[in-house]
Amino acid sequence: MPFMKRRTFLSLMGAAALTSSMMLTGCGAGSDDDRKIVRIGHVQSQTHPDHLGLEAFASYINEKLGDKYRVEVYPSELLGSQTEMVQLTQTGAIDFVVASNAIMETFSAKYQIFNLPYLFSSVEAYHEAMDDPEVTDPIFKTTSKAGLETVAWLDAGTRNFYTIKTPINQPSDLKGLKIRVQQSPTNVEMMRLLGGTATPMGFGDVYTALQAGILDGAENNELALTDNGHGDICKYYSYDMHQMVPDLLVANYAFLNGLSDEERAIFEEGFQIVKSTEQDAWEDAVAEAKDKAENEQHVNFIYPDTAPFQEAMAPLHDSVLAANPELQPIYDLIQQHNAAHTAD
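The sequence shown lines up with residues -25 to -1, 1 to 319 when you count with mature numbering (1 follows the signal peptide of the UniProt record, and there is no 0).
And the structure:
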(Lines of atoms letter the chains of each structure in order from A and count residues from 1; the text may use other names and numbers.)
(Lines give C-alpha, C1' and ligand atoms only; values in the text may rest on other atoms or scores of the structure.)
Protein backbone atom coordinates (compact mmCIF):
# COMPACT_ATOMS: atom_id res chain seq x y z
CA MET A 1 0.00 0.00 0.00
CA PRO A 2 1.52 3.41 -0.96
CA PHE A 3 2.94 5.42 1.93
CA MET A 4 0.29 8.15 2.14
CA LYS A 5 -2.66 5.94 1.17
CA ARG A 6 -1.70 3.66 4.04
CA ARG A 7 -1.60 6.64 6.42
CA THR A 8 -5.01 7.83 5.24
CA PHE A 9 -6.43 4.33 5.74
CA LEU A 10 -4.95 4.12 9.23
CA SER A 11 -6.28 7.56 10.05
CA LEU A 12 -9.80 6.61 9.03
CA MET A 13 -9.60 3.35 10.96
CA GLY A 14 -8.25 5.17 14.01
CA ALA A 15 -11.00 7.78 13.93
CA ALA A 16 -13.60 5.03 13.65
CA ALA A 17 -11.99 3.19 16.55
CA LEU A 18 -12.01 6.35 18.66
CA THR A 19 -15.70 6.98 17.96
CA SER A 20 -16.56 3.37 18.78
CA SER A 21 -14.41 3.44 21.92
CA MET A 22 -16.03 6.62 23.20
CA MET A 23 -19.52 5.25 22.60
CA LEU A 24 -18.65 2.14 24.57
CA THR A 25 -16.82 3.91 27.39
CA GLY A 26 -19.05 6.88 28.02
CA CYS A 27 -16.70 9.45 26.44
CA GLY A 28 -13.74 8.63 28.63
CA ALA A 29 -14.77 6.45 31.56
CA GLY A 30 -13.71 2.82 31.16
CA SER A 31 -16.40 0.13 31.06
CA ASP A 32 -14.47 -2.17 33.40
CA ASP A 33 -13.68 0.49 36.00
CA ASP A 34 -14.13 4.17 36.75
CA ARG A 35 -10.83 5.33 35.33
CA LYS A 36 -10.90 8.11 32.77
CA ILE A 37 -9.13 7.31 29.52
CA VAL A 38 -6.81 10.21 28.66
CA ARG A 39 -6.27 10.23 24.90
CA ILE A 40 -3.30 11.92 23.22
CA GLY A 41 -2.97 12.21 19.45
CA HIS A 42 -0.05 13.21 17.25
CA VAL A 43 1.11 12.94 13.63
CA GLN A 44 4.53 11.36 14.09
CA SER A 45 5.69 7.74 13.99
CA GLN A 46 6.24 5.47 16.98
CA THR A 47 10.00 5.97 16.73
CA HIS A 48 9.82 9.78 16.70
CA PRO A 49 11.06 11.68 19.79
CA ASP A 50 7.57 13.15 20.27
CA HIS A 51 6.12 9.68 20.68
CA LEU A 52 8.90 8.59 23.03
CA GLY A 53 8.21 11.61 25.22
CA LEU A 54 4.48 10.96 25.26
CA GLU A 55 4.99 7.30 26.14
CA ALA A 56 7.17 8.37 29.08
CA PHE A 57 4.38 10.74 30.13
CA ALA A 58 1.79 7.96 29.86
CA SER A 59 3.91 5.62 31.97
CA TYR A 60 4.37 8.29 34.64
CA ILE A 61 0.69 9.23 34.89
CA ASN A 62 -0.42 5.59 34.79
CA GLU A 63 2.00 4.84 37.62
CA LYS A 64 1.09 7.84 39.79
CA LEU A 65 -2.63 8.10 39.06
CA GLY A 66 -3.43 4.69 37.61
CA ASP A 67 -6.42 4.25 39.89
CA LYS A 68 -8.08 7.29 38.26
CA TYR A 69 -6.62 7.64 34.77
CA ARG A 70 -5.33 5.53 31.91
CA VAL A 71 -3.29 7.43 29.32
CA GLU A 72 -3.37 6.20 25.71
CA VAL A 73 -1.11 7.61 22.97
CA TYR A 74 -2.23 7.51 19.33
CA PRO A 75 0.62 8.17 16.82
CA SER A 76 0.73 8.50 13.02
CA GLU A 77 -2.50 10.48 12.55
CA LEU A 78 -4.57 7.55 13.84
CA LEU A 79 -7.12 10.03 15.18
CA GLY A 80 -7.11 12.25 12.10
CA SER A 81 -5.01 15.05 10.70
CA GLN A 82 -3.33 17.46 13.07
CA THR A 83 -6.02 20.08 12.43
CA GLU A 84 -8.73 17.51 13.10
CA MET A 85 -7.04 16.42 16.33
CA VAL A 86 -6.81 20.02 17.53
CA GLN A 87 -10.55 20.32 16.91
CA LEU A 88 -11.15 17.08 18.82
CA THR A 89 -9.09 18.48 21.70
CA GLN A 90 -11.17 21.67 21.66
CA THR A 91 -14.36 19.69 22.09
CA GLY A 92 -12.89 17.31 24.68
CA ALA A 93 -13.25 14.25 22.45
CA ILE A 94 -9.54 13.78 23.12
CA ASP A 95 -7.54 15.39 25.90
CA PHE A 96 -4.16 16.30 24.38
CA VAL A 97 -2.65 16.84 20.95
CA VAL A 98 0.84 17.67 19.73
CA ALA A 99 0.19 20.68 17.51
CA SER A 100 2.37 22.85 15.34
CA ASN A 101 2.95 26.44 16.36
CA ALA A 102 1.42 27.41 13.00
CA ILE A 103 -1.92 25.85 13.93
CA MET A 104 -1.91 27.60 17.30
CA GLU A 105 -1.27 30.88 15.49
CA THR A 106 -4.78 30.55 14.04
CA PHE A 107 -6.17 30.69 17.60
CA SER A 108 -3.94 33.47 18.94
CA ALA A 109 -1.89 35.96 16.94
CA LYS A 110 0.67 35.99 19.76
CA TYR A 111 1.97 32.62 18.52
CA GLN A 112 3.23 34.47 15.44
CA ILE A 113 6.36 35.41 17.33
CA PHE A 114 7.65 31.82 17.40
CA ASN A 115 7.10 31.50 13.65
CA LEU A 116 9.38 34.45 12.89
CA PRO A 117 12.35 33.31 10.80
CA TYR A 118 15.74 33.72 12.46
CA LEU A 119 14.14 34.66 15.78
CA PHE A 120 16.76 32.69 17.73
CA SER A 121 20.50 33.09 17.22
CA SER A 122 21.42 29.57 18.36
CA VAL A 123 19.95 26.33 19.65
CA GLU A 124 21.13 27.29 23.15
CA ALA A 125 19.31 30.62 23.02
CA TYR A 126 16.22 28.90 21.63
CA HIS A 127 16.07 26.36 24.46
CA GLU A 128 16.79 28.94 27.14
CA ALA A 129 14.12 31.33 25.86
CA MET A 130 11.50 28.60 25.50
CA ASP A 131 12.21 27.51 29.09
CA ASP A 132 11.64 31.08 30.30
CA PRO A 133 8.04 31.44 31.58
CA GLU A 134 8.23 35.19 31.01
CA VAL A 135 8.55 34.36 27.32
CA THR A 136 6.06 31.50 27.05
CA ASP A 137 3.31 32.11 29.64
CA PRO A 138 1.91 35.26 27.97
CA ILE A 139 1.47 33.19 24.81
CA PHE A 140 0.59 29.71 26.03
CA LYS A 141 -2.27 31.00 28.18
CA THR A 142 -4.01 33.02 25.45
CA THR A 143 -6.23 30.27 24.04
CA SER A 144 -8.37 29.28 27.04
CA LYS A 145 -11.48 30.81 25.46
CA ALA A 146 -10.92 28.49 22.52
CA GLY A 147 -10.83 25.54 24.93
CA LEU A 148 -7.09 24.96 24.61
CA GLU A 149 -3.93 25.53 26.64
CA THR A 150 -0.33 24.73 25.73
CA VAL A 151 1.31 22.82 28.57
CA ALA A 152 4.77 22.03 27.14
CA TRP A 153 7.00 22.83 24.20
CA LEU A 154 8.82 20.12 22.27
CA ASP A 155 12.00 20.51 20.25
CA ALA A 156 11.33 20.31 16.53
CA GLY A 157 14.86 21.16 15.46
CA THR A 158 15.72 23.57 12.70
CA ARG A 159 13.49 24.00 9.67
CA ASN A 160 15.24 24.03 6.30
CA PHE A 161 14.23 23.91 2.64
CA TYR A 162 14.33 20.66 0.69
CA THR A 163 13.49 20.23 -2.96
CA ILE A 164 13.04 17.60 -5.64
CA LYS A 165 15.34 18.98 -8.33
CA THR A 166 16.61 22.47 -7.45
CA PRO A 167 19.43 23.00 -4.92
CA ILE A 168 18.75 26.06 -2.75
CA ASN A 169 21.94 28.05 -2.29
CA GLN A 170 20.42 31.54 -2.16
CA PRO A 171 16.93 33.07 -1.91
CA SER A 172 16.71 33.60 -5.68
CA ASP A 173 16.84 29.81 -6.16
CA LEU A 174 13.36 29.64 -4.62
CA LYS A 175 11.83 31.86 -7.31
CA GLY A 176 8.90 30.13 -8.98
CA LEU A 177 9.12 27.03 -6.79
CA LYS A 178 5.98 25.74 -5.08
CA ILE A 179 7.04 25.08 -1.50
CA ARG A 180 4.83 23.53 1.14
CA VAL A 181 4.70 25.65 4.28
CA GLN A 182 2.77 25.25 7.49
CA GLN A 183 -0.70 26.74 7.48
CA SER A 184 -0.05 30.19 8.91
CA PRO A 185 0.03 33.73 7.49
CA THR A 186 3.56 34.23 8.83
CA ASN A 187 4.92 31.30 6.85
CA VAL A 188 3.11 32.38 3.69
CA GLU A 189 4.65 35.85 3.99
CA MET A 190 8.07 34.29 4.62
CA MET A 191 7.92 32.54 1.27
CA ARG A 192 6.72 35.68 -0.51
CA LEU A 193 9.70 37.63 0.80
CA LEU A 194 12.07 34.88 -0.31
CA GLY A 195 10.55 34.77 -3.80
CA GLY A 196 8.97 31.32 -3.65
CA THR A 197 5.33 30.33 -3.96
CA ALA A 198 3.89 29.27 -0.62
CA THR A 199 1.61 26.25 -0.70
CA PRO A 200 0.07 25.75 2.74
CA MET A 201 -1.22 22.25 3.42
CA GLY A 202 -1.52 19.70 6.20
CA PHE A 203 1.58 17.65 6.93
CA GLY A 204 -0.11 14.37 6.10
CA ASP A 205 -0.75 15.50 2.52
CA VAL A 206 2.83 16.53 1.71
CA TYR A 207 4.21 13.17 0.55
CA THR A 208 1.49 12.67 -2.05
CA ALA A 209 1.81 16.28 -3.24
CA LEU A 210 5.58 15.88 -3.69
CA GLN A 211 5.12 12.55 -5.43
CA ALA A 212 2.53 14.01 -7.81
CA GLY A 213 4.64 17.06 -8.64
CA ILE A 214 2.12 19.45 -7.09
CA LEU A 215 4.98 20.67 -4.92
CA ASP A 216 8.58 21.38 -5.86
CA GLY A 217 9.68 21.06 -2.26
CA ALA A 218 8.91 21.72 1.38
CA GLU A 219 10.58 22.92 4.57
CA ASN A 220 11.03 20.95 7.75
CA ASN A 221 13.63 19.22 9.91
CA GLU A 222 15.68 16.19 8.86
CA LEU A 223 13.25 13.65 10.32
CA ALA A 224 10.71 14.52 7.62
CA LEU A 225 13.12 13.01 5.09
CA THR A 226 13.20 9.62 6.77
CA ASP A 227 10.24 9.20 9.13
CA ASN A 228 7.85 10.59 6.53
CA GLY A 229 9.60 9.43 3.39
CA HIS A 230 10.16 12.86 1.85
CA GLY A 231 13.80 12.00 1.15
CA ASP A 232 12.63 9.32 -1.27
CA ILE A 233 11.49 12.16 -3.54
CA CYS A 234 13.43 15.28 -2.52
CA LYS A 235 17.16 14.98 -3.17
CA TYR A 236 18.40 18.41 -2.02
CA TYR A 237 18.29 19.59 1.60
CA SER A 238 19.63 23.12 2.24
CA TYR A 239 20.63 24.22 5.73
CA ASP A 240 19.33 27.78 5.48
CA MET A 241 18.13 27.31 9.10
CA HIS A 242 15.25 29.74 8.68
CA GLN A 243 13.24 28.68 11.73
CA MET A 244 13.53 27.04 15.12
CA VAL A 245 9.86 26.51 15.88
CA PRO A 246 8.65 24.29 18.72
CA ASP A 247 5.94 21.71 18.51
CA LEU A 248 3.44 22.15 21.32
CA LEU A 249 1.67 19.77 23.66
CA VAL A 250 -1.81 21.25 23.86
CA ALA A 251 -4.46 20.25 26.39
CA ASN A 252 -8.21 20.55 26.55
CA TYR A 253 -8.71 23.49 28.89
CA ALA A 254 -11.74 21.99 30.66
CA PHE A 255 -9.81 18.78 31.36
CA LEU A 256 -6.99 20.74 33.00
CA ASN A 257 -9.42 22.73 35.11
CA GLY A 258 -11.17 19.56 36.20
CA LEU A 259 -8.05 18.15 37.84
CA SER A 260 -7.64 18.42 41.59
CA ASP A 261 -4.64 20.38 42.88
CA GLU A 262 -2.83 17.13 43.64
CA GLU A 263 -3.61 15.68 40.21
CA ARG A 264 -2.60 18.88 38.44
CA ALA A 265 0.77 18.86 40.22
CA ILE A 266 1.40 15.30 39.03
CA PHE A 267 0.35 16.17 35.49
CA GLU A 268 2.69 19.19 35.55
CA GLU A 269 5.54 16.85 36.50
CA GLY A 270 4.46 14.65 33.61
CA PHE A 271 4.61 17.57 31.18
CA GLN A 272 8.23 18.13 32.16
CA ILE A 273 8.92 14.43 31.56
CA VAL A 274 7.47 14.70 28.05
CA LYS A 275 9.72 17.65 27.29
CA SER A 276 12.93 16.26 28.76
CA THR A 277 12.48 12.79 27.23
CA GLU A 278 11.69 14.23 23.80
CA GLN A 279 14.62 16.63 23.88
CA ASP A 280 17.05 13.95 25.07
CA ALA A 281 16.05 11.81 22.08
CA TRP A 282 16.09 14.63 19.54
CA GLU A 283 19.80 15.02 18.81
CA ASP A 284 20.33 11.28 18.26
CA ALA A 285 17.23 11.10 16.07
CA VAL A 286 18.49 13.91 13.84
CA ALA A 287 21.91 12.27 13.48
CA GLU A 288 20.31 8.95 12.54
CA ALA A 289 17.94 10.63 10.09
CA LYS A 290 20.73 12.51 8.38
CA ASP A 291 22.83 9.38 8.06
CA LYS A 292 19.94 7.42 6.55
CA ALA A 293 18.95 10.26 4.21
CA GLU A 294 22.51 10.67 2.96
CA ASN A 295 23.49 7.02 2.60
CA GLU A 296 20.21 5.25 1.81
CA GLN A 297 17.99 7.89 0.21
CA HIS A 298 20.95 9.68 -1.43
CA VAL A 299 19.88 13.14 -0.32
CA ASN A 300 22.45 15.89 -0.97
CA PHE A 301 22.99 18.21 2.01
CA ILE A 302 23.84 21.82 1.17
CA TYR A 303 25.22 24.50 3.50
CA PRO A 304 24.44 27.93 2.02
CA ASP A 305 25.40 31.31 3.43
CA THR A 306 22.40 32.17 5.62
CA ALA A 307 23.02 35.95 5.64
CA PRO A 308 20.99 36.71 2.46
CA PHE A 309 18.07 34.69 3.83
CA GLN A 310 18.22 36.57 7.14
CA GLU A 311 18.32 39.94 5.40
CA ALA A 312 15.21 39.07 3.41
CA MET A 313 13.33 38.28 6.63
CA ALA A 314 13.89 41.60 8.43
CA PRO A 315 10.65 43.17 7.08
CA LEU A 316 8.65 40.25 8.48
CA HIS A 317 9.94 40.91 12.00
CA ASP A 318 8.99 44.58 11.63
CA SER A 319 5.49 43.91 10.29
CA VAL A 320 4.58 41.30 12.93
CA LEU A 321 5.74 43.55 15.78
CA ALA A 322 3.95 46.57 14.29
CA ALA A 323 0.71 44.60 14.05
CA ASN A 324 1.13 43.10 17.55
CA PRO A 325 2.87 45.70 19.75
CA GLU A 326 2.14 43.59 22.84
CA LEU A 327 4.74 41.13 21.51
CA GLN A 328 7.56 43.67 21.69
CA PRO A 329 8.48 42.95 25.37
CA ILE A 330 8.60 39.21 24.63
CA TYR A 331 10.68 39.84 21.51
CA ASP A 332 13.08 41.96 23.55
CA LEU A 333 13.40 39.18 26.15
CA ILE A 334 14.27 36.72 23.40
CA GLN A 335 16.94 39.11 22.13
CA GLN A 336 18.43 39.13 25.63
CA HIS A 337 18.68 35.34 25.50
CA ASN A 338 20.26 35.62 22.05
CA ALA A 339 22.82 38.14 23.31
CA ALA A 340 23.74 35.86 26.21
CA HIS A 341 24.73 33.15 23.72
CA THR A 342 26.45 35.27 21.10
CA ALA A 343 29.75 33.71 20.13
CA ASP A 344 32.85 35.61 21.18
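Yeah, the Cβ is synthetic: ideal placement off N, Cα and C, and Gly gets one too.
{"Asked": "Assign residue 235 to one of two classes, buried (16 or more other C-beta atoms within 10 Å of its C-beta) or exposed (fewer than that).", "Found": "exposed"}
{"Asked": "With 16 other CB atoms within 10 Å as the buried threshold, where does residue 268 fall?", "Found": "buried"}
{"Asked": "How should residue 300 be labelled, buried or exposed, when 16 other C-beta atoms within 10 angstroms of its C-beta is the threshold for buried?", "Found": "exposed"}
{"Asked": "Return the chain-ordered ranges of every alpha helix (DSSP H) run that is complete within the region 215 to 284 and spans a minimum of 4 residues.", "Found": "228 to 232 and 236 to 270"}
{"Asked": "Excluding the 5 residues flanking residue 312 on each side, which residues of the same chain have their C-beta closer than 6 Å to its C-beta?", "Found": "100, 103 and 104"}
{"Asked": "May I have the straight-line CA-CA distance separating residue 69 from residue 80, to the nearest angstrom?", "Found": "20 Å"}
{"Asked": "Just curious, the alpha helix (DSSP H) that residue 143 is in, first and last residue?", "Found": "Looking at the DSSP string, residue 143 is not in any alpha helix (DSSP H), and its letter there is neither H nor E."}
{"Asked": "What did DSSP end up calling residue 111 once you bin it into helix, strand or coil?", "Found": "helix"}
{"Asked": "Alpha carbons only, please: which of 181, 279, 187 and 194 is nearest the one belonging to residue 171?", "Found": "194"}
{"Asked": "Could you pull out every unbroken beta strand (DSSP E) segment of at least 3 residues lying fully inside the region 66 to 137, listed in chain order?", "Found": "71 to 75 and 123 to 129"}
{"Asked": "Within 8 Å, do at least three Cβ pairs link the region 207 to 218 to the region 271 to 282?", "Found": "yes"}
{"Asked": "By DSSP, does residue 317 sit in helix, in strand, or in coil?", "Found": "coil"}
{"Asked": "If residue 249 sits next to residue 231, beta carbons under 8 Å apart, how far is it from one beta carbon to the other, in whole angstroms?", "Found": "About 15 Å; that fails the 8 Å criterion."}
{"Asked": "Identify which residue in 18, 12, 11 and 13 has its Cα closest to the Cα of residue 180.", "Found": "18"}
{"Asked": "Once DSSP output is grouped into helix, strand and coil, what is the label at residue 39?", "Found": "helix"}
{"Asked": "State the beta-bridge partners of residue 44 as determined by DSSP.", "Found": "11"}
{"Asked": "Need the endpoints of the beta strand (DSSP E) that residue 156 sits in, please.", "Found": "153 to 156"}
{"Asked": "What span of residues does the beta strand (DSSP E) with residue 193 cover, start to end?", "Found": "192 to 195"}
{"Asked": "Where residue 5 and residue 23 are concerned, what is the direct C-alpha to C-alpha distance, given to the nearest angstrom?", "Found": "Low per-residue confidence applies at residue 5: pLDDT is 48, beneath 50, and the placement is therefore not dependable, though the value from the model is reported in the following sentence. So the two alpha carbons sit approximately 28 Å from each other."}
{"Asked": "Tell me which same chain residues have a C-beta within less than 8 Å of the C-beta of residue 316, skipping the five on either side of it?", "Found": "96, 97, 99, 100 and 103"}
{"Asked": "With a CB to CB cut of under 7 Å and the five nearest residues on each side skipped, what residues in its chain are close to residue 40?", "Found": "238 and 241"}
{"Asked": "When DSSP labels each residue in this structure, what does residue 300 get in the three-state scheme?", "Found": "helix"}
{"Asked": "For residue 187, name the three-state secondary structure that DSSP assigns.", "Found": "coil"}
{"Asked": "So, does the region 133 to 142 touch the region 60 to 78, judging by three or more C-beta pairs under 8 Å?", "Found": "no"}
{"Asked": "Beta strand (DSSP E) containing residue 175: first to last residue?", "Found": "172 to 175"}
{"Asked": "So, is residue 159 buried or exposed, given that buried needs 16 or more other C-beta atoms within 10 angstroms?", "Found": "buried"}
{"Asked": "Quick one: what does DSSP say residue 1 is sitting in, helix, strand or coil?", "Found": "With a pLDDT of 44 at residue 1, under the threshold of 50, the modelled position of that residue is not reliable, and the figure given next carries that caveat. Three-state DSSP puts residue 1 in coil, outside helix and strand."}
{"Asked": "Tell me which residues share the same chain as residue 126 and place their Cβ nearer than 6 Å to its Cβ, disregarding the 5 neighbours each side in the sequence.", "Found": "224, 226 and 246"}
{"Asked": "CB residue 169 to CB residue 146, shorter than 9 Å?", "Found": "yes"}
{"Asked": "Leaving out five residues before and five after residue 228 in sequence, what residues of the same chain have Cβ atoms less than 7 Å from its Cβ?", "Found": "119, 122, 123 and 124"}
{"Asked": "So, using beta-carbon positions, are residue 75 and residue 114 closer together than 9 Å?", "Found": "no"}
{"Asked": "For residue 30, which residues of its own chain have a beta-carbon under 7 Å away from its beta-carbon, when the five flanking residues on both sides are left out?", "Found": "48"}
{"Asked": "Quick check on the burial criterion: 16 or more other C-beta atoms within 10 angstroms. Buried or exposed for residue 164?", "Found": "buried"}
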